[in-house]
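Heads up: the sequence shown runs through residues 1 to 555, numbered per my numbering.
Using N, Cα and C, we set each Cβ at its ideal position, and we do this for glycine too.
So the structure is just underneath, and the comments pick up after that.
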Amino acid sequence: MPNSASDPRHPAAAPLSGPPATAVAATATAASGAPATAAGASADTAGAPAAGLAVVGAGPAGLAAAVTAADLGLRVTVLDAGERPGGQYYRHPAAALGAEHPEALHHGWAAFASRERRLRAHERAGRIRYLSSHHVWTVVRDAAAAADGSGEWLLHALAGPEERPVTVRARAVLLATGAYERQLPFPGWTLPGVVGAGGAQAMLKSGLVLPGRRVVVAGSGPLLLAVAGSLAAAGASVPAVVEAAAYTNYAGRLPALLRNPGKLVEGATYGGALVRHGIRLLTRAAVTEAHGTDRVEAVTVSRLDRDWRPVPGTARRVPCDALAVGHGLVPQLELATGLGCATRTTADGTAALVLDRAQRTSVPGIWSAGETGGIGGAQLALAEGELAARSVAGRPLPAELVRRRARLRAFADAMGAAHRPGAGWTGWLTDETDVCRCEEVPAGTVREAVRDLGAQDARTVKLLTRAGMGWCQGRMCGQAVAALAGCAPGPDRRPLSCPVPLGHLAALPAAPGAPAAQLSQPSPPTPEHASDPSSEPSSDRPAGGGSAAGLPADR
Numbered sequence: 001m002p003n004s005a006s007d008p009r010h011p012a013a014a015p016l017s018g019p020p021a022t023a024v025a026a027t028a029t030a031a032s033g034a035p036a037t038a039a040g041a042s043a044d045t046a047g048a049p050a051a052g053l054a055v056v057g058a059g060p061a062g063l064a065a066a067v068t069a070a071d072l073g074l075r076v077t078v079l080d081a082g083e084r085p086g087g088q089y090y091r092h093p094a095a096a097l098g099a100e101h102p103e104a105l106h107h108g109w110a111a112f113a114s115r116e117r118r119l120r121a122h123e124r125a126g127r128i129r130y131l132s133s134h135h136v137w138t139v140v141r142d143a144a145a146a147a148d149g150s151g152e153w154l155l156h157a158l159a160g161p162e163e164r165p166v167t168v169r170a171r172a173v174l175l176a177t178g179a180y181e182r183q184l185p186f187p188g189w190t191l192p193g194v195v196g197a198g199g200a201q202a203m204l205k206s207g208l209v210l211p212g213r214r215v216v217v218a219g220s221g222p223l224l225l226a227v228a229g230s231l232a233a234a235g236a237s238v239p240a241v242v243e244a245a246a247y248t249n250y251a252g253r254l255p256a257l258l259r260n261p262g263k264l265v266e267g268a269t270y271g272g273a274l275v276r277h278g279i280r281l282l283t284r285a286a287v288t289e290a291h292g293t294d295r296v297e298a299v300t301v302s303r304l305d306r307d308w309r310p311v312p313g314t315a316r317r318v319p320c321d322a323l324a325v326g327h328g329l330v331p332q333l334e335l336a337t338g339l340g341c342a343t344r345t346t347a348d349g350t351a352a353l354v355l356d357r358a359q360r361t362s363v364p365g366i367w368s369a370g371e372t373g374g375i376g377g378a379q380l381a382l383a384e385g386e387l388a389a390r391s392v393a394g395r396p397l398p399a400e401l402v403r404r405r406a407r408l409r410a411f412a413d414a415m416g417a418a419h420r421p422g423a424g425w426t427g428w429l430t431d432e433t434d435v436c437r438c439e440e441v442p443a444g445t446v447r448e449a450v451r452d453l454g455a456q457d458a459r460t461v462k463l464l465t466r467a468g469m470g471w472c473q474g475r476m477c478g479q480a481v482a483a484l485a486g487c488a489p490g491p492d493r494r495p496l497s498c499p500v501p502l503g504h505l506a507a508l509p510a511a512p513g514a515p516a517a518q519l520s521q522p523s524p525p526t527p528e529h530a531s532d533p534s535s536e537p538s539s540d541r542p543a544g545g546g547s548a549a550g551l552p553a554d555r
């Protein structure tokens, strides 16, 4: 996942109540060793040689891609929203907390630590430029460079808490922007003390704090077990893990499970933690209401039928002072869809990028790795990042690494299908339940727009009700609004992936072939949102900005 939970522009793992935390960012000087640029001035690197590869995001996929590309001789620039590499998965406690053993809060820390050491070594040698606290808001083709056949890209970013404009040039781009939490609303979900499951884990990893003393963990997906175990190990009382899916959903997917014994061991470890801490596991059940005045004091847990509809007469109340809830993850695709990259519908019902076997998107010159190609976890992201870097460099793809990716992807697809939300979950929404928290739009207003005003898609609902017009721009409520409108949630396409000061846009050059001119012109048509993975682009086509042999090494 990307380092976006602490950023209000990307409220991926922010608490479900109250304002999201604000990122505390380092300056570009601290990040890259370059002299600081005056506030408001563009730190345009157009005069500097273009990087061979620009990597957006330094989670597992981006980190693996960056160090592999540097190993293969490419000059790499990494633009990361976080203060340190690792993304959401490998979050670091704040330095002021003085954590002596941060690895105790993580699974697979050794794999991350070795890659971070390699990144720092390449950084000292000048092969990698790591820009922390840089939020990339758009990627555009440099029209002036394209005219001479070089096919370079411009990445526009906001740097640090002061949001200084920065532009980076590169001959190829790899998007490793990760994912954010999928939230299905319910009555009381806006109460203080209700946080995302990933948000609870982020609070523990980065702040060494608990969301409460008695925490119910609910939703769907394997993350729930990891969160419950971490909270219990840190001293919280976890009365129950409430899983909406039935584990019998895995019955028809045994081959994919058996091909990944390491994943089965991991699952058994989490299950053992539940037993050790006395945590009840309730399946085919959901938190259908949260109760409280100033904060959550209890939750109602109801049994669900096969379509996730609450079964009448099964509701019971569980006292708690916090609720960690999440229903899986949603790939963060704003930059990719803004470029026109084709998408597909995955096994868990979310949209992900169409990628070929070399991790290339449908747009020449743009690669992607990690959760953007479908939710799959850190191990899959590491494999995809390495494969993408080798593809960019024009190197052969190791057969064992390709097989590992296939095994892990099959496992991820099995999990996604097993935990895909049922269509009946909207049955627990009362008309008074806020669906869009930013604009305080209740479910009844959305239902009225569909029933009485003829809305048949999320966009029309937005125009009629303002649902999705708030600060998160529909990232949190989009899935719920689409479900109430009776349409499939598709990827949004927007020219900017996060809010940008108007002054920065006005300062962009407007000469023909300059970035501002491109931003004001219509983009190429987006390929059709596909549900068939067989629509992948050919793995044999040349990549934009280079030949099929890949980019030459930077010397």
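Proximity below 8 Å, CB of residue i to CB of residue j
i, j, result
"PRO331", "THR372", "yes"
"VAL168", "LEU79", "yes"
"CYS498", "HIS135", "yes"
"ARG259", "ARG284", "no"
"GLY338", "PRO495", "yes"
"ALA358", "GLY370", "no"
"ALA70", "ARG171", "no"
"GLY474", "ASP457", "no"
"GLN88", "ALA202", "yes"
"ASP353", "GLY376", "Strictly speaking, residue 353 in this sequence is Leu, with Asp absent from that position. No; because the gap between Cβ atoms is not below 8 Å, this pair is not in contact."
"GLN183", "GLY326", "yes"
"ALA467", "CYS487", "no"
"LEU174", "ALA336", "no"
"ALA273", "ALA232", "yes"
"ALA449", "THR465", "yes"
"VAL296", "ASP321", "yes"
Bridge partners - residue i, DSSP secondary structure assignment
i, result
"VAL56", "LEU79, LEU175"
"VAL354", "Beta-bridge pairing links VAL354 to no other residue."
"LEU304", "PRO310"
"ILE128", "VAL76"
"LEU323", "VAL194, VAL216"
"SER497", "Bridge partners of SER497: none, in fact."
"ALA290", "VAL299"
"SER237", "ARG214"
Exposure of residue i, with buried meaning 16 or more beta-carbon neighbours within 10 Å
i, result
"TYR270", "buried"
"GLY18", "With a pLDDT of 33 at GLY18, under the threshold of 50, the modelled position of that residue is not reliable, and no figure is offered here."
"TYR90", "buried"
"GLY52", "buried"
"PRO211", "buried"
"ALA443", "buried"
"LEU453", "exposed"
"ASP431", "exposed"
"VAL299", "buried"
"VAL24", "Only weak support exists for where VAL24 lies, its pLDDT of 23 falling under 50; the coordinates are left without a value."
"ASP294", "exposed"
"GLU162", "exposed"
"ARG117", "exposed"
"SER206", "buried"
"THR248", "exposed"
"LEU551", "buried"
"GLU400", "exposed"
"ASP348", "buried"
"SER114", "exposed"
"THR433", "buried"
"ARG404", "buried"
"ARG213", "exposed"
"ARG129", "buried"
"GLY196", "buried"
"ALA28", "With a pLDDT of 30 at ALA28, under the threshold of 50, the modelled position of this residue cannot be trusted; read the value that follows with caution. ALA28 should be labelled buried."
Integer-rounded CB distance, given that residue j should sit under 8 Å from residue i
i, j, result
"GLY446", "LEU484", "The sequence given here places Val at residue 446; Gly does not occur at that position. Their Cβ separation, rounded to whole angstroms, is 5 Å, which keeps VAL446 and LEU484 in contact under 8 Å."
"ALA64", "GLY262", "Contact doesn't hold; Cβ gap of about 18 Å is too wide."
"THR77", "ALA54", "5 Å"
"SER391", "ARG360", "7 Å"
"GLU243", "LEU224", "6 Å"
"ALA378", "PRO60", "4 Å"
"LEU323", "GLY193", "7 Å"
"SER220", "GLY374", "So it is not a contact: roughly 17 Å between Cβ atoms."
"ALA414", "ALA246", "No, ALA414 and ALA246 are not in contact; Cβ-Cβ is about 14 Å, not under 8 Å."
"GLY62", "ALA176", "3 Å"
Residue i: CB within 7 Å of a non-hydrogen atom of the ligand ADP
i, result
"PRO85", "Here there are no bound small molecules, and the ligand ADP is not part of this structure."
(request) Tell me the start and end of each unbroken alpha helix (DSSP H) in the stretch 422 to 462 that is at least 4 residues and wholly inside, in chain order. (result) For the stretch 422 to 462, whole alpha helix (DSSP H) runs of length 4 or above, ordered along the chain, are 443 to 451.
(request) For the stretch 137 to 171, list the alpha helix (DSSP H) runs that are entirely contained and at least 4 residues long, ordered along the chain. (result) The qualifying runs are 143 to 147.
(message) My parser needs the alpha helix (DSSP H) runs of 4 or more residues fully inside the stretch 364 to 397; what are they?
(response) List check, alpha helix (DSSP H) in window: 378 to 392.
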